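Taking it in order: structure first as C-alpha cells, then the write-up.
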Amino acid sequence: GAVVSQHPSWVICKSGTSVKIECRSLDFQATTMFWYRQFPKQSLMLMATSNEGSKATYEQGVEKDKFLINHASLTLSTLTVTSAHPEDSSFYICSAKASTSGKVTGELFFGEGSRLTVL
Amino acid sequence: RKEVEQDPGPFNVPEGATVAFNCTYSNSASQSFFWYRQDCRKEPKLLMSVYSSGNEDGRFTAQLNRASQYISLLIRDSKLSDSATYLCVVNTGFQKLVFGTGTRLLVSP
Chain A
1 GAVVSQHPSW
11 VICKSGTSVK
21 IECRSLDFQA
31 TTMFWYRQFP
41 KQSLMLMATS
51 NEGSKATYEQ
61 GVEKDKFLIN
71 HASLTLSTLT
81 VTSAHPEDSS
91 FYICSAKAST
101 SGKVTGELFF
111 GEGSRLTVL
Chain B
1 RKEVEQDPGP
11 FNVPEGATVA
21 FNCTYSNSAS
31 QSFFWYRQDC
41 RKEPKLLMSV
51 YSSGNEDGRF
61 TAQLNRASQY
71 ISLLIRDSKL
81 SDSATYLCVV
91 NTGFQKLVFG
101 TGTRLLVSP
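For the record, the sequence lines run as chains A and B.
Sequence positions in the first sequence follow this note's numbering and run 1 to 119.
Sequence positions in the second sequence follow this note's numbering and run 1 to 109.
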C-alpha cells in the first residue's frame, strides 16, 4: 500500500531555534499534502494544505510566517517551525492524497508523525 | 459547536463484548466519512470508510445517517488488540478532513 514517511520522528530543540520536518510519499506522487497538529488528548487539527508548486493554504489561526511549508516536488513537503517556543511542542502529522493513473482515491495516507518538544 | 463530536470515553469492556461508538457532525454538506484508529503516540490509520447503506468489515460495522448527521461504529467480539482511540473523521470537501477528538477503547482480559 501507499507509504508516507516523516522525518524526524522525534525532535527536541531549544526555544528560538527552527525545526524542519519532512514528509515524503515513498511509492506514489502527491500533488497535495496536509499538515496536522495534535496536542495531548485532543483531536488532529488541520494546519495547512500543501500544494506542489504553489503556496500553501493555511487554516484560520495558523501563522504562515511561523509555520513555513514548502512542497517543491511531487513526493516531498516540508514544514519548518520557525523560532519555536514551548507552546509549539506538539505532535505534527502529515498526510498525502494518493492519485493513481490520474484517479484520486478516497483515502489519505498519514506519516508516522513527528513529536516536537521545545525546551 | 464542534464540527465533529464524539464521546471521549474511555469505554472499558471485557474481551468478547460488543461496543458501539457514536459521532455527530455539523456540516450537512460533508461528503464522506471515515473511522480511523489511533494507537498511543502513533499516526491515525484508516479503519474503514462509512457508506450511506452501511458497511461491514469483519467484526466492524459502520453506519451513516445523513438526515441526523450521525455516524456509528460497532465492534463485535472485542479483542485486546482493539484497544485504541477511534477517530470519527469527516471530509468536508477537497479532502479537508475534520477529526473528532476520538473515543478511547480499553478491552480487558
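For every residue, glycine included, the Cβ atom is placed at its ideal position computed from N, Cα and C.
Please read these numbers as outputs of a predicted model, since none were measured by experiment.
Runs of the beta strand (DSSP E) lying entirely within the region 50-106 of chain B and spanning at least 3 residues, in chain order: 55-57, 60-65, 70-75, 84-91 and 97-99.
Only buried fits A/Asp88, as 16 or more other CB atoms lie within 10 angstroms of its CB. By the Cβ-count criterion, B/Ala29 is exposed, with fewer than 16 other Cβ atoms from all chains shown falling within 10 Å of its own Cβ.
Here B/Ser68 is exposed: its Cβ has fewer than 16 other Cβ atoms, across all protein chains shown, within 10 Å.
A residue is called buried when at least 16 other Cβ atoms come within 10 angstroms of its Cβ; A/Phe39 does not meet this threshold and is exposed. The C-beta distance from A/Ser5 to A/Gly111 rounds to 6 Å, short enough to fall under 8 Å.
Leaving aside the five residues that flank B/Ser52 on each side, the residues in its chain whose CB is nearer than 7 Å to its CB run, in chain order, Leu64 and Arg66.
Look at B/Pro14 here: in three-state DSSP terms it is strand. Separation of A/Ile12 and B/Asn55 (C-alpha to C-alpha, rounded to the nearest whole angstrom) is 43 Å. At the C-beta level, B/Phe34 and B/Ser49 come within 8 Å of one another. For B/Tyr36, the closest of A/Phe109, A/Phe91 and A/Arg24 by C-alpha to C-alpha distance is A/Phe109. Two segments are said to touch when three or more pairs of C-beta atoms, one from each, lie closer than 8 Å; by this definition the region 97-105 of chain B touches the region 42-52 of chain A.
Using beta-carbon distances, B/Pro44 counts as an interface residue toward chain A, with a partner under 8 Å. Distance between A/Val81 and B/Thr18, taken at the CA atoms: about 43 Å. Judged by DSSP secondary structure, A/Gln29 falls outside any beta strand (DSSP E); it is assigned neither H nor E.
Of all residues in the region 90-101 of chain B, those with a C-beta nearer than 9 Å to a C-beta of chain A are Asn91, Phe94, Gln95, Lys96, Leu97, Val98, Phe99, Gly100 and Thr101, reading in chain order.
Of all alpha-carbon atoms in A/Thr32, A/Ser83, A/Pro8 and A/Ala48, the one lying nearest the alpha-carbon of A/Ser15 is that of A/Ser83.
A straight-line Cα-Cα distance of about 11 Å links B/Arg76 and B/Pro14. According to DSSP, residue pairing for B/Glu5 in a beta bridge involves B/Thr24.
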